[in-house]
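In our numbering, the protein residues as written are 31 to 128.
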């Protein structure tokens with residue numbers, strides 16, 4: 031009888047340890063799964079943000095020629111203005127000499 035009660039005690043302890051260990055593993059794996067899902071949501075959000083920024087950058091790149099002057103165009107414009115000022119200066123000098 032003494033052996034049976036000891037065996038019963040060992041079986042109950044083993045059952046409790048196994049149950050608690052299984053429950054602990056279930057909790058850990060559920061937490062890991064939640065973290066994986068949260069990470070995937072964050073990745074998707076980052077992809078969406080990147081896509082939106084890429085589209086905005088593309089739009090800015092396409093609109094730059096409408097809003098800004100290229101360096102070559104500015105240099106050409108500057109040279110033409112300097113030539114015109116030189117011509118005006120020559121005309122003023124000619125008028126002043128008369």
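C-beta atoms are modelled at their ideal positions from N, C-alpha and C, and glycine is treated no differently.
A quick note: this is a predicted structure, and the numbers were derived from the prediction, not measured.
Just the C-alpha distance for residue 45 and residue 39, rounded to the nearest angstrom, thanks.
In the chain shown, counting from the first residue as 1, residue 45 sits at position 15. In the chain shown, counting from the first residue as 1, residue 39 sits at position 9. Straight-line Cα distance between these residues: approximately 10 angstroms.
Hey, how far is the Cα of residue 59 from the Cα of residue 47?
Working through the chain shown from its first residue, we reach residue 59 at position 29. Working through the chain shown from its first residue, we reach residue 47 at position 17. Rounded to the nearest angstrom, the two C-alpha atoms are 18 angstroms apart.
How many angstroms separate the CA atom of residue 73 from the CA atom of residue 84?
Here the question's residue 73 lines up with position 43 in the chain shown. Here the question's residue 84 lines up with position 54 in the chain shown. In a straight line, the C-alpha of residue 73 is about 16 angstroms away from that of residue 84.
Excluding the five sequence neighbours on either side, which residues of its own chain have a C-beta within less than 7 angstroms of the C-beta of residue 137, listed in chain order?
Residue coverage of the chain in this structure runs from 31 to 128, which leaves residue 137 outside it and unanswerable.
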